[in-house]
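Protein chains in written order, with the working numbering: chain A, 267 to 814; chain B, 2 to 272; chain C, 169 to 482; chain D, 84 to 209. Don't be surprised by glycine CBs; every beta carbon is placed ideally from N, CA and C. Have a look at the structure below before the remarks.
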Amino acid sequence: MLRITGGKVYDPKNGVRGEIRDVCIAGGKIVSDVPPHARTIDASGMIVFPGGVDVHTHVAGAALNFARGLIPEQHRKSRPIFHTPQCRAGLAGSTPTTFATGYVYAGMGWTTANEAAVPILSAKHTHEELADTPIIDKCCCVLMANNEIILDLLETAEFERAKQVAAWQVWAAKAYGVKAVNPGGVAGWKWGKDCKGLNEPVPGYKNVTPRSIIKALADIIDQLALPHPLHIHCNNLGAPGNYTTTLETMKALEGNRAHMAHLQYHSYGGDDWFTMKSASVPIAEYFNAHPNLTCDAGAVLFGDTVTITADGPWQHLLYELTGRKWGNLDVENETGCGVVPYVYKEKNLVNAIQWAVGLELLLLITDPWRVCLTTDHPNGATFWRYPEIVRLLMDREFRKEQLKHIPEKVLSRIVLPDLDREYTLSEIAIITSAGPARTLGLAQKGHLGIGADADVAVFNERKDAMEMFSYPRFVIKSGQLIIEEGELRNSIEGSQFASKPTYDSAIEDYLRPLFSQHYTMSFENYPVTEECVHGLNVHQCGSCTQPG
Amino acid sequence: MLTLTLKTALTVPLEAEVLSPDVLAPLAHDAIRALPVMLGKRQHRLDEHFDITGDGSEEIEVRGDLTKVKWIGRAMTRGRLRVVGNAGMHLGAYMKGGAIEVTGNVTDWLGGEMSGGTIHVRGNAGGQLGSAYRGGMSGMSGGQILVEGTAGIEIGMRMKRGLIAIRGPVRDFAGLQMKGGTIVLMSGAEQRTGAWMVRGTIISLKPLKLMPTFASACSYNPSFLGVYAKHLAAHGFALPPASEGGYRRHVGDASVPGKGEILVWHPHAAT
Amino acid sequence: MSCTLGEVKNRADFIIYWGGNPAECHPRHFTRYTLTQKGKFLPRGRKDRTMVLVDIRETMSAKAADIFLQVRPGKDFEMLTILRALVKNQKVRAEAAAETGLTLEQLQDLVNRMKAAKFGVLFFGMGLSMTRGKHMNSAAALTLAAELNAFTKFVAMPMRGHGNVTGADVVMRYTLSYPFGINMSRGYPRFNPGEYSTVDLLVRGDTDATIVIGADPGATMPKPAIEHLKRTPTIVLDPKVTHTSKLSRVHFTTAATGISAPGTAYRMDEVPLPLRPALKSPYLTDEEVLKRIITALQKKPAWQPAVKGGEQIA
Amino acid sequence: MSTAVTPEPTKHELHVVKHAVCTFCGCVCDDIELHANEERIVETKRACILGESWFKHHTAERLYPDALIDGKEATYDEAVEVAADILYQAHMPLVYGLSNTTCEAQRQAVWLAELVGGVIDSHTSL
């Protein structure tokens with residue numbers, strides 16, 4: 267039992283905006299009061315936040331692990347996590363090791379993370395890594411927009427069956443949500459091709475287009491009543507002029523819920539790399555007017571990183587542009603991924619625009635509940651650099667200072683210099699915790715109301731937001747004191763959330779023969795069993811609603 | 002001058018990156034004795050393994066068979082470090098300046114990713130001399146490494162600038178993926194010299210077994226060689242005078258495709 | 169540049185095996201994953217595929233190949249490097265190419281076929297990765313495949329043997345960042361093949377104790393390495409009393425992986441599979457023995473260096 | 084009045100494991116059917132010649148003592164203490180192998196390497 271007293275509490279979900287009040291914890295939950303003998307933490311001069319929630323990150327699984335193998339030179343320069351009796355060893359670079367991931371997230375007051383890209387075929391691998399990722403709670407999104415069983419069913423307009431298959435697949439992967447990456451484009455990439463426009467048929471299909479995939483999956487997710495809407499990585503990621511594709515995608519979704527992932531990478535104007543410019547204004551305008559949508563920033567910070575996405579075509583382009591290393595990994599019938607180590611440079615025109623666009627979106631989107639702070643870790647920057655972004659959002663003068671470092675000719679292609687908005691602490695609490703928790707549909711996360719999970723971060727109140735949010739004084743996870751006086755004192759295991767949509771088990775009879783034709787493992791060995799998932803916490807979805 | 006003499010017989014490697022003028026010069030005798038070294042996983046004091054005489058100095062002499070002592074002179078920027086005996090892996094790795102001299106043999110990764118300074122080895126050297134560490138985009142980017150004896154595989158791997166001269170024969174993959182700089186092989190190499198090289202120059206005074214992806218371009222005596230010859234001669238590495246022969250120039254590696262050059266000495270036929 | 173084996177089954181119309189003999193070492197590779205299977209996009213199976221075998225001798229696998237290319241021993245690196253040059257339309261002299269034991273025409277034909285493939289795959293075995301040049305030979309195969317992607321889809325994959333060695337690779341990467349050869353003596357992972365790889369360590373005599381799990385180096389390693397294992401205390405976990413057990417101080421008999429020990433194993437393409445043991449072993453599993461050793465170690469005082477923090481040394 | 088008694092399975096009653104996974108080579112085929120009695124696998128379906136001999140080669144018999152210390156029979160607990168001492172005392176211990184074992188054991192081996200401050204390496208480096 268624990269009482270945090272004297273701190274300024276920010277709990278936007280419950281309308282608490284910096285009031286000094288006590289937060290009481292018992293049994294891993296927030297409670298109304300604890301007895302006087304409970305341990306008390308004096309948080310005077312500090313601010314109290316609900317633990318951070320990352321709506322989109324890549325911290326586990328085959329693709330990330332493939333990337334780890336590709337960049338020993340980055341690992342050598344990374345921060346070592348020393349083995350101690352409380353703490354497993356690791357490295358905290360651009361692709362932190364499993365144990366380091368848990369420690370570093372918790373070490374900055376973030377307590378929940380959504381691994382955004384899981385192929386079913388290697389979902390067992392993802393769960394193994396998540397089991398070795400301590401402290402934080404986890405969930406993951408399974409990749410579906412290039413799954414050939416689903417695409418084949420859409421080709422023959424068998425929507426109901428596709429829905430059954432999707433439901434089966436979500437549970438087979440022990441996933442929480444569904445992600446669509448470059449719909450149709452990855453399937454095309456397997457022939458070295460891509461999907462650029464929303465209305466062109468996917469290579470190898472006659473009727474299936476990126477648009478039809480997006481619409482069908484969004485319908486499926488809504489009808490299955492999954493807690494998190496369809497998580498979309500649009501076609502044409504990273505390409506100049508791609509904002510029109512992004513607008514088209516959002517329009518295709520009208521009437522459906524959807525989460526637009528790493529929107530920064532999809533908000534570019536111009537015709538080519540030389541004329542590229544920010545298109546955050548038209549994107550934000552459309553987005554602001556459509557409450558069915560949420561998004562995350564996918565902001566970019568300058569420095570070394572490694573880019574990993576299921577978007578194979580984009581990665582091959584990046585490799586050709588940079589001449590650096592490239593790795594690609596295709597997963598049978600389901601998806602693929604590319605890996606390219608990358609440095610975002612201040613003096614590089616494209617990189618400077620990318621940096622600006624991420625911040626612009628965060629500043630132009632008016633409803634903080636619908637935009638989450640992310641860097642699409644590790645693509646835009648590593649997650650442990652979030653406090654730098656918080657400072658950029660809260661401090662207009664600091665932003666102006668930073669703008670001086672980028673090439674002058676960039677200034678006319680971006681709107682960042684004109685944006686004076688400064689985030690308040692309450693708004694920061696929304697984009698880092700309350701908002702992403704709502705977007706994910708995790709009712710027990712992102713707030714400090716009675717009954718919420720006792721995930722709490724306590725920071726010294728400082729003028730410099732980056733300093734403030736980099737080193738929490740205390741972090742409590744599931745009611746356990748993890749970080750005390752800025753040091754890791756205790757490591758615990760986190761839970762994993764999975765969704766169980768209802769489906770007719772007869773769908774297995776449909777899948778089994780298809781499976782033996784197209785896959786190379788036994789159907790029976792394909793689903794992740796419940797025992798494989800550490801601390802499994804199942805969200806039973808409401809009954810499957812019928813369209814109309 | 003500061004002298005350190007190894008007094009223990011090492012069974013496992015001792016990591017002693019503190020044996021560098023940058024660390025030692027500012028310290029008094031007692032502080033030097035207390036410096037940490039790692040014997041495998043255990044942290045020891047420097048004086049548990051070395052007899053130490055003198056105070057901190059820019060002139061350091063380390064004596065004994067230091068074959069198992071790693072990281073001597075790591076990232077040093079100044080001063081002179083003399084090893085009387087053999088030295089272990091990573092000698093002078095990441096070195097930026099100053100000079101290292103070794104009277105005996107050294108093992109792998111000598112001057113790994115160094116950017117400045119001079120290393121002179123009287124005996125033999127191991128592999129990956131002046132190379133990039135695994136995955137690194139560039140090896141040695143400045144300074145020079147001179148070896149009187151032989152050297153192992155992958156010397157100068159991905160080197161960008163600087164000079165490597167080896168008096169004895171070297172093994173496979175000299176100048177692998179080289180991007181710039183110069184390697185002088187006084188006694189030739191085993192095979193795959195200059196494989197996948199992008200740019201840079203390899204000079205061999207002995208005939209070489211070249212990769213099939215190198216094209217023979219021309220015979221010539223490039224003028225820049227005069228500068229190198231003078232510099233090398235000052236260190237006792239004499240290139241033969243132009244009057245005695247010329248160089249045949251080979252360009253590659255076509256697989257990259259690269260514009261590296263390998264110059265192989267051809268003496269005039271004896272008259 | 170890799171993919172799961174199902175991609176090969178469904179799409180690969182052009183398959184190269186290089187320095188490996190799957191017919192004898194991976195007997196079901198042809199029939200389950202690559203050659204004879206009818207794929208989603210290759211409905212006629214074997215007829216829709218071309219298979220090339222590159223090896224130094226005509227093994228059993230050559231019978232299954234459409235084209236057998238006999239490379240001269242020790243010339244794999246040269247051959248791969250020539251192929252890289254030809255892929256980029258660089259000129260290679262016919263006399264120079266001849267040292268590989270193949271003609272320039274043969275090599276050019278191979279390049280033409282690789283480029284014309286819709287989906288090509290290059291599997292390379294120990295005949296490539298364990299001969300002179302070692303990791304550079306593997307690097308050459310991987311680079312060739314990567315560069316072919318400027319023209320078509322091409323992947324490369326090592327033909328890994330040894331049961332679950334792929335799993336070891338995967339687990340070490342996610343816990344420690346690196347796939348093998350990792351030194352934890354400073355309390356965090358450091359990686360340097362050649363320095364921290366087993367044979368090098370043992371031959372140099374750098375270690376002073378060894379624990380061997382699921383391997384029998386006493387039967388397979390070079391003599392000086394085995395001598396060092398004898399000289400220093402060695403511990404073995406194995407279902408049988410092995411050659412290594414006989415030169416060890418401690419041997420643990422453990423349950424056999426997948427036969428009487430449950431758990432997970434990774435296929436060579438990094439797809440995880442759940443083991444289904446058919447027998448109940450009278451012995452503990454490797455996992456259980458290791459856990460007990462860990463528990464015993466946790467009772468001992470920490471050895472960690474007093475100074476922590478700061479940057480990495482290597 | 085008779086009580087139903089579950090008969091002790093005899094050595095002749097075979098149980099069948101479907102979709103079993105063979106870890107002999109890197110193919111890791113997972114479509115094997117195993118027929119086994121209490122002691123050994125007597126039949127394999129779909130396994131290759133190498134796989135079949137792998138499955139039949141390992142039995143559930145007690146052919147060796149639990150442990151050996153210096154060649155002499157020992158209990159697991161005794162051997163664990165000696166092993167822990169050796170690895171603890173060593174300055175530069177090596178954890179090697181990891182091929183014929185499970186990922187679960189490999190994860191423990193990583194932890195062990197951390198605890199003893201050693202080198203961990205697999206067959207890959209050979």
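* To do: Give me the Cα-Cα distance between arginine 687 of chain A and histidine 341 of chain A, rounded to the nearest whole angstrom.
  => Residue 687 of chain A sits at position 421 when you count from the first residue of the first sequence. Residue 341 of chain A sits at position 75 when you count from the first residue of the first sequence. Going from the Cα of arginine 687 of chain A to the Cα of histidine 341 of chain A covers about 37 Å.
* DSSP beta-bridge partners of leucine 754 of chain A -> Counting from 1 along the first sequence, the entry for residue 754 of chain A is found at position 488. Within the DSSP secondary-structure output, leucine 754 of chain A pairs in a beta bridge with A:Ile749.
* Give the interface partners of alanine 355 of chain A over in chain D, defined as CB-CB distance under 7 Å, in chain order. => Mapped onto the first sequence, residue 355 of chain A falls at position 89. Within 7 Å Cβ-Cβ: Glu197.
* Asked: Could one say the Cβ of arginine 354 of chain C lies closer than 8 Å to chain B's Cβ atoms, at least one of them?
  -> Locating residue 354 of chain C in the third sequence gives position 186, where the first residue counts as 1. Yes, contact with chain B.
* Look at the alpha carbon of histidine 115 of chain D and the alpha carbon of leucine 441 of chain C, and state the distance between them as a whole number of angstroms. => To locate residue 115 of chain D, count along the fourth sequence from 1; it is residue 32. To locate residue 441 of chain C, count along the third sequence from 1; it is residue 273. Rather than histidine, the amino acid found at residue 115 of chain D in this sequence is isoleucine. Computed Cα separation, rounded: 13 Å.
* Shortest alpha-carbon distance to alanine 703 of chain A belongs to which of A:Asp320, A:Gly273, A:Gly272? -> Within the first sequence, numbered from 1, the residue matching residue 703 of chain A stands at position 437. Among A:Asp320, A:Gly273, A:Gly272, the Cα nearest to that of alanine 703 of chain A is on A:Asp320.
* To do: Quick one: grab the DSSP three-state call for cysteine 112 of chain D.
  => Translated into positions along the fourth sequence, residue 112 of chain D becomes position 29. Per DSSP, reduced to three states, the secondary structure at cysteine 112 of chain D is coil, with no helix or strand assignment.
* Asked: Hey, does methionine 77 of chain B have any beta-carbon neighbour from chain A nearer than 8 Å?
  -> To locate residue 77 of chain B, count along the second sequence from 1; it is residue 76. At a cut-off of 8 Å between beta carbons, methionine 77 of chain B makes no contact with chain A.
* **Contact with chain C by serine 182 of chain D, beta-carbon distance below 8 Å** => Position 99 of the fourth sequence, counting from 1, holds the residue named residue 182 of chain D. At least one CB of chain C lies nearer than 8 Å to the CB of serine 182 of chain D.
* To do: Measure the alpha-carbon distance for glycine 593 of chain A versus asparagine 317 of chain C and round it to whole angstroms.
  => Taking the first sequence and counting its residues from 1, the one referred to as residue 593 of chain A is at position 327. Taking the third sequence and counting its residues from 1, the one referred to as residue 317 of chain C is at position 149. Taken atom to atom, the span from the alpha-carbon of glycine 593 of chain A to that of asparagine 317 of chain C is near 11 Å.
* To do: Show which residues of chain D have a CB atom less than 7 Å away from the CB atom of lysine 71 of chain B.
  => To locate residue 71 of chain B, count along the second sequence from 1; it is residue 70. Chain D residues near lysine 71 of chain B: none, gap ~12 Å exceeds 7 Å.
* To do: Pair every Cβ in the region 274 to 286 of chain C with every Cβ in the region 296 to 306 of chain C, then say whether three or more of these pairs are closer than 8 Å.
  => With a cut-off of 8 Å on Cβ pairs, the region 274 to 286 of chain C is not in contact with the region 296 to 306 of chain C, counting fewer than three such pairs.
* Asked: Does the beta carbon of isoleucine 337 of chain A come closer than 8 Å to any beta carbon on chain B?
  -> By one-based count along the first sequence, residue 337 of chain A stands at place 71. Chain B places a beta carbon closer than 8 Å to that of isoleucine 337 of chain A, counting this residue as a contact.
* Determine the DSSP secondary structure at arginine 249 of chain B, reduced to helix, strand or coil. => Position 248 of the second sequence, counting from 1, holds the residue named residue 249 of chain B. Assigned with DSSP and collapsed to three states, arginine 249 of chain B falls in strand.
* **Separation of arginine 179 of chain C from lysine 390 of chain A, as counted between CA atoms** => Taking the first residue of the first sequence as position 1, residue 390 of chain A is located at position 124. Taking the first residue of the third sequence as position 1, residue 179 of chain C is located at position 11. Cα-Cα distance, rounded: 25 Å.
* Using 8 Å as the limit for Cβ to Cβ distance, is arginine 129 of chain D near chain A? -> In the fourth sequence, residue 129 of chain D corresponds to position 46, counting from 1. For arginine 129 of chain D, the answer is no, since every Cβ of chain A falls outside 8 Å of its Cβ.
* What residues of chain B sit near lysine 256 of chain C, judged by a beta carbon separation below 9 Å? -> Here residue 256 of chain C is taken as the residue at index 88 of the third sequence, counted from 1. Within chain B, the residues Ala255, Ser256, Val257, Pro258 have their CB atoms less than 9 Å from the CB of lysine 256 of chain C, given in chain order.
* Does the region 108 to 124 of chain D touch the region 371 to 388 of chain A, meaning 3 or more C-beta pairs lie closer than 8 Å? -> No: fewer than three Cβ pairs fall under 8 Å.
* Same chain only: Cβ atoms within 8 Å of glycine 188 of chain C, ignoring 5 sequence neighbours per side -> In the third sequence, counting from the first residue as 1, residue 188 of chain C sits at position 20. Answer for glycine 188 of chain C: His194, Asp223, Ser229, Phe291, Phe292, Gly293, Met294, Gly295, Leu296, Met327, listed in chain order.
* Asked: What's the call for serine 224 of chain B, buried or exposed, on a 16-neighbour Cβ count within 10 Å?
  -> The sequence position of residue 224 of chain B within the second sequence is 223, counting from 1. Serine 224 of chain B comes out exposed.
* Where the alpha helix (DSSP H) through threonine 142 of chain D begins and ends -> For the purposes of this step, residue 142 of chain D is taken as residue 59 along the fourth sequence, with counting starting at 1. Run containing threonine 142 of chain D: none; DSSP gives neither H nor E here.
* Asked: With respect to the alpha helix (DSSP H) encompassing cysteine 798 of chain A, which residues constitute its N-terminal and C-terminal limits?
  -> Position 532 of the first sequence, counted from the first residue, corresponds to residue 798 of chain A. No residue range can be given for cysteine 798 of chain A, since it is assigned to no alpha helix (DSSP H) and is classified by DSSP as neither H nor E.
* Who does phenylalanine 376 of chain A pair with in a DSSP beta bridge? -> On the first sequence, position 110 is the one that residue 376 of chain A refers to. The residue asked about is misnamed: residue 376 of chain A is tryptophan in this sequence, not phenylalanine. BP columns for tryptophan 376 of chain A point to A:Gly318.
* To do: Let me know if methionine 84 of chain D comes out buried or exposed under the rule of 16 or more other beta-carbons within 10 Å of its beta-carbon.
  => The sequence position of residue 84 of chain D within the fourth sequence is 1, counting from 1. Residue placement at methionine 84 of chain D is flagged as unreliable, the pLDDT there being 43, under the threshold of 50; a coordinate-derived value is accordingly withheld.
* Nonlocal neighbours in the same chain, by C-beta distance under 8 Å from glycine 112 of chain B, ignoring five residues either side -> By one-based count along the second sequence, residue 112 of chain B stands at place 111. Around glycine 112 of chain B: Leu92, Gly93, Ala94, Met96, Ile120, Leu130, Gly131, Met141, Gly144, Ile146.
* To do: Could you have a look at alanine 157 of chain D and say whether DSSP puts it in helix, strand or coil?
  => As a working note, residue 157 of chain D is residue 74 in the fourth sequence. Looking at alanine 157 of chain D - three-state DSSP - the assignment turns out to be strand.
* **Residue of B:Ser205, B:Leu177, B:Pro208, B:Gly189 minimising C-alpha distance to tryptophan 197 of chain B** => What you label residue 197 of chain B is simply residue 196 of the second sequence in a count that begins at 1. Nearest in C-alpha terms to tryptophan 197 of chain B, of all of B:Ser205, B:Leu177, B:Pro208, B:Gly189, is B:Leu177.
* Asked: With 16 as the cutoff for other CB atoms within 10 Å, does threonine 86 of chain D come out buried or exposed?
  -> For the purposes of this step, residue 86 of chain D is taken as the residue at position 3 of the fourth sequence. Any answer about threonine 86 of chain D is weak, because its pLDDT of 47 lies below 50 and its placement is not dependable; what the coordinates show is given next. With fewer than 16 other Cβ atoms within 10 Å, it is exposed.
* Asked: Given a limit of 8 Å on CB to CB distance, which residues of the region 593 to 619 of chain A reach chain C?
  -> Of all residues in the region 593 to 619 of chain A, Gly593, Asn594, Leu595, Asp596, Val597, Glu598, Asn599, Gly602 have a Cβ within less than 8 Å of some Cβ in chain C.
* Asked: For asparagine 427 of chain A, which residues of its own chain have a beta-carbon under 8 Å away from its beta-carbon, when the five flanking residues on both sides are left out?
  -> In the first sequence, residue 427 of chain A corresponds to position 161, counting from 1. Looking at the sequence itself, residue 427 of chain A is arginine, so the reference to asparagine does not match. Hits under 8 Å: Leu419, Ile773, Tyr776.
* DSSP three-state assignment for cysteine 807 of chain A, whether helix, strand or coil -> Counting from 1 along the first sequence, the entry for residue 807 of chain A is found at position 541. Three-state DSSP puts cysteine 807 of chain A in coil, outside helix and strand.
* Give me the Cβ distance between alanine 527 of chain A and glycine 535 of chain A, rounded to the nearest whole Å; I'm assuming they're in contact under 8 Å. => In the first sequence, residue 527 of chain A corresponds to position 261, counting from 1. In the first sequence, residue 535 of chain A corresponds to position 269, counting from 1. With 8 Å as the limit, alanine 527 of chain A and glycine 535 of chain A do not qualify as a contact, their Cβ atoms being about 20 Å apart.
* **Opening and closing residue of the beta strand (DSSP E) in which leucine 237 of chain C lies** => What you label residue 237 of chain C is simply residue 69 of the third sequence in a count that begins at 1. Start and end: 235 to 238.
* Could you check which residue in C:Lys243, C:Arg196, C:Arg225 has the C-alpha nearest to that of glutamine 192 of chain B? => Against the second sequence, residue 192 of chain B aligns to sequence position 191. Among C:Lys243, C:Arg196, C:Arg225, the Cα nearest to that of glutamine 192 of chain B is on C:Lys243.
* Assign alanine 387 of chain C to buried or exposed, taking buried as 16 or more other Cβ atoms, counted over all protein chains shown, within 10 Å of its Cβ. => Translated into the one-based positions of the third sequence, residue 387 of chain C becomes position 219. That one is exposed.
* Interface partners of asparagine 351 of chain C on chain D, CB under 7 Å -> Counting from 1 along the third sequence, the entry for residue 351 of chain C is found at position 183. Val202, listed in chain order.
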